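Everything below concerns the one structure shown next.
In this note's numbering, the protein residues as written are 6 to 205.
See the structure below:
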């Protein structure tokens with residue numbers, strides 16, 4: 006009888022430990038959407054002027070990040086952070102060489118990202134792994150390895166010391182009928198809790 010009780014207690018304890026481990030693993034992926042842009046240069050230049058009505062309007066209807074806006078994101082490690090900007094978007098992007106093209110019925114959408122290391126630690130990552138695109142129907146698309154004529158691709162092995170930046174294109178392959186609606190980015194190959202989102 007005591008042996009059965011010990012077995013039940015051991016099984017219950019093992020199940021509890023497994024549940025805690027699973028919840029800890031699951032909590033690190035995309036728990037917080039960041040879509041409020043940082044103040045841009047023109048807003049900083051005007052910061053000395055009194056514009057209370059505009060401030061009231063912006064607080065009543067906050068902006069959502071769009072192309073050209075910068076989002077401040079944090080990574081999983083203490084001291085890690087990036088300012089991420091969607092600089093440009095090219096819909097129906099053209100291949101950078103004659104050997105690669107989207108599959109029949111699809112097209113490429115290129116997104117140029119700028120990453121600035123605002124943290125206190127070296128940022129080392131494959132940024133394309135943390136980017137996704139969604140269309141207006143909610144379908145999500147990962148990145149594809151492709152070079153486009155718009156410019157150089159984002160490196161798959163980025164290392165940035167604090168204050169350093171990088172710029173490059175990330176390519177998504179989407180159906181021709183899809184309307185690109187948002188693009189997202191998260192640090193640590195997409196596993197960071199904060200996910201930046203821009204409307205396209």
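Positions of the beta carbon are idealized from the N, C-alpha and C atoms, including for glycine. Bear in mind the structure is a predicted one, so any value in this text is a computation, not a measurement.
{"Asked": "Cα-Cα separation between residue 201 and residue 157, rounded to whole angstroms", "Found": "22 Å"}
{"Asked": "Nearest residue (CA-CA) to residue 86, options 94, 77, 93 and 92", "Found": "77"}
{"Asked": "Supposed close pair residue 75, residue 89 - CB separation, criterion 8 Å", "Found": "7 Å"}
{"Asked": "Assigned secondary structure, residue 97 (DSSP; H/G/I helix, E/B strand, else coil)", "Found": "coil"}
{"Asked": "In DSSP terms, what residue 204 is bridged to", "Found": "71 and 187"}
{"Asked": "Proximity to residue 119 [Cα-Cα], best of 127, 133 and 113", "Found": "133"}
{"Asked": "Inter-residue CB distance, residue 137 and residue 144 (contact presumed, cutoff 8 Å)", "Found": "Contact flag wrong, Cβ pair sits at about 11 Å."}
{"Asked": "Residue nearest to residue 106 in terms of C-alpha spacing, selected from 36, 198 and 152", "Found": "152"}
{"Asked": "Residue 132 in three-state terms, based on DSSP", "Found": "helix"}
{"Asked": "contact_flag[the stretch 115 to 131, the stretch 174 to 182] where n(CB pairs < 8 Å) is 3 or more", "Found": "yes"}
{"Asked": "Residue 36 - DSSP class collapsed to helix/strand/coil", "Found": "coil"}
{"Asked": "Limits of the unbroken beta strand (DSSP E) element including residue 179", "Found": "170 to 180"}
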